[in-house]
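Below is one structure, written out as structure tokens; the observations come after it.
Protein chains: 2
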Amino acid sequence: MTDRDTPETTDSAAARAFSAHDHEACAGEVLARAEAVSAARGARLTPVRRRALEILLEAHRAMGAYEVLDRLSAEGFGKQPPVAYRALDFLVEQGLAHRIARLNAFTACVHPGEAHSAAFLICRACHAVAEAEADPVRVALEAAAGAVGFQVERATVEALGLCPSCREAAAA
Amino acid sequence: MTDRDTPETTDSAAARAFSAHDHEACAGEVLARAEAVSAARGARLTPVRRRALEILLEAHRAMGAYEVLDRLSAEGFGKQPPVAYRALDFLVEQGLAHRIARLNAFTACVHPGEAHSAAFLICRACHAVAEAEADPVRVALEAAAGAVGFQVERATVEALGLCPSCREAAAA
DNA sequence: CCTCGCACGTTATAGAATAACATATCTTGA
DNA sequence: TCAAGATATGTTATTCTATAACGTGCGAGG
């Protein structure tokens, strides 16, 4: 079941999240796409919002709203909670970021624009968060729901466990 | 996909949660099993803990910790947050209740003792919460995780949407 | 009996989120 | 171009959620 040694083949985004890679390039690419997506929809990616997204992308992990707020206020933006919450809520609405319920935290979406159901893989050791493709999961969930007449609108799928690196470290 | 008119056949617990039924009998049955489970493990289902579980069972929906606390304190138990959190945490640890991350709330487990992966179906209209069988969902999730070398330990699967009754009401 | 562990209760504080209001900026159509 | 409405940003204050730290009582085992 935990059939390892199939790293790059299946879900490149999730695999990348758990391995060394060029954060800056990866962040830049996503940011460019985020701008395109926003423009296409007429949504305004203002300075605070854009900066909030950059902060999430740079961190490449889930961040609490107050953590983002600290960074924003240090850069001259507002110092009060709504500043961060509004920016983050905007990003989530636009599909540029996701909220991780289990952590009361937020993370940048790694493939904005593309329709997708995401599942989050949260490492309990190093706290990295990967966004995995979850279409089959969503299908299974909708089947279970449909069986009792429930109509799924939004799904929250989060797994807590060990990422490949931490797993190796633990085994050693 | 949303193939209705299959109410009692598939997942009786989840189906029951969304239809009229004898709450008292259903709660009594679950409570009896909870006691058996606790006894079998040597876990102490003390008065506060037992009462907290009863409160969840009677409500038959997700309740916030402070809501449970209000009821407990009205009945002579402690009035401070840790009283409720400790009781609820115990219930969750013992598998007698679940925490719904999305709602910051708790709900009684409808089949304690049996090993199961649960998915929660949360009605955004009436706020009912059903616990559905989620083994296939879990399998799909583990497949997605395994593909990137991630080892799932605990999974949070929650769907927000419309329950059968509210869906009918909305359609009318 | 006595003491060690667990449960219960308290006070105090930390952390997450939003309500309500004032000000500024952007857009748009007259 | 300018006024009006919508959108964004910022503030203060408050609410909701959760935990840390400490003292007390009780029950089981030496």
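Line order of the protein sequences matches chains A and B.
Positions in the first sequence are counted from 1; adding 1420 to them yields my numbering.
Positions in the second sequence are counted from 1; adding 1420 to them yields my numbering.
Every residue gets a Cβ at the ideal spot worked out from N, C-alpha and C, and that includes glycine.
Taking only the alpha-carbon atoms, compute the straight-line gap between residue i and residue j and give it to the nearest angstrom.
i        : j        : result
A1539(A) : L1580(A) : 11 Å
Y1505(A) : A1472(A) : 10 Å
E1495(B) : A1437(B) : 27 Å
S1533(B) : E1449(B) : One detail in the question is off: residue 1533(B) reads as Gly in this sequence, not Ser. Cα-Cα distance, rounded: 13 Å.
Q1514(B) : G1484(B) : 19 Å
R1544(A) : C1583(A) : 8 Å
D1425(B) : R1470(B) : Low per-residue confidence applies at D1425(B): pLDDT is 35, beneath 50, and the placement is therefore not dependable, though the value from the model is reported in the following sentence. Cα-Cα distance, rounded: 37 Å.
T1466(A) : V1530(B) : 47 Å
V1488(B) : A1565(A) : 28 Å
H1518(A) : H1480(B) : 30 Å
A1482(B) : I1520(B) : 8 Å
H1536(B) : I1475(B) : 23 Å
F1497(A) : R1453(B) : 55 Å
Is DSSP giving residue i helix, strand or coil here?
i        : result
H1443(A) : helix
C1583(A) : coil
L1477(A) : helix
E1573(B) : strand
E1588(B) : helix
L1511(B) : helix
A1460(A) : helix
A1517(A) : strand
V1530(A) : coil
E1553(B) : strand
L1465(A) : coil
A1560(B) : helix
A1494(B) : helix
A1454(A) : helix
A1482(A) : coil
A1548(A) : coil
A1538(B) : strand
E1567(B) : The question names Glu, but residue 1567(B) in the sequence shown is Ala. Correct three-state label for A1567(B): coil.
I'd like to know whether the C-beta of residue i is nearer than 8 Å to at least one C-beta of chain A.
i        : result
L1508(B) : no
G1496(B) : no
Q1514(B) : no
E1553(B) : yes
V1549(B) : no
A1517(B) : no
G1484(B) : no
A1565(B) : yes
P1467(B) : no
A1592(B) : no
E1573(B) : yes
Which term fits residue i, buried or exposed, when burial requires 16 or more other beta carbons within 10 angstroms of its beta carbon?
i        : result
A1576(A) : This sequence places Thr at residue 1576(A); Ala is not what is there. T1576(A) is buried by the Cβ-count criterion.
E1578(B) : buried
A1447(A) : buried
H1443(B) : exposed
H1547(B) : exposed
E1607(B) : Coverage of chain B is limited to positions 1421 through 1592, which leaves residue 1607(B) absent and any answer about it impossible.
E1551(B) : buried
G1569(B) : buried
R1587(B) : buried
R1558(B) : buried
A1507(A) : buried
A1567(A) : buried
A1445(A) : exposed
A1525(A) : buried
M1421(A) : Because the pLDDT of M1421(A) is 41, which lies under 50, any placement of that residue in the model is unreliable, and the number read from its coordinates should be weighed accordingly. The residue in question, M1421(A), is exposed, as its Cβ has fewer than 16 Cβ neighbours within 10 Å.
A1592(B) : exposed
Is residue i close to chain B? Criterion is C-beta to C-beta, closer than 8 Å.
i        : result
P1501(A) : no
A1535(A) : no
E1578(A) : yes
R1587(A) : yes
V1557(A) : yes
F1526(A) : no
C1446(A) : no
R1481(A) : no
V1530(A) : no
Suppose the cutoff is 8 Å on Cβ atoms and the five residues either side in sequence are ignored; what does the same chain contact list for residue i look like?
i        : result
A1590(B) : A1545, L1582
L1561(B) : V1572, A1575, V1577
R1604(B) : Past the edges of chain B, shown from 1421 to 1592, lies residue 1604(B), and the structure says nothing about it.
To which residues of the same chain is residue i closer than 6 Å at the C-beta, ignoring the five residues directly before and after it?
i        : result
S1458(A) : L1465
S1493(B) : K1499
A1554(A) : S1537, A1538, A1539, V1577
R1522(A) : E1578
For residue i, which residues from the same chain have a beta carbon less than 7 Å from its beta carbon, with the 5 sequence-adjacent residues on both sides left out?
i        : result
L1511(A) : R1469, A1472, L1473, A1517
R1491(B) : I1475
E1455(B) : L1465
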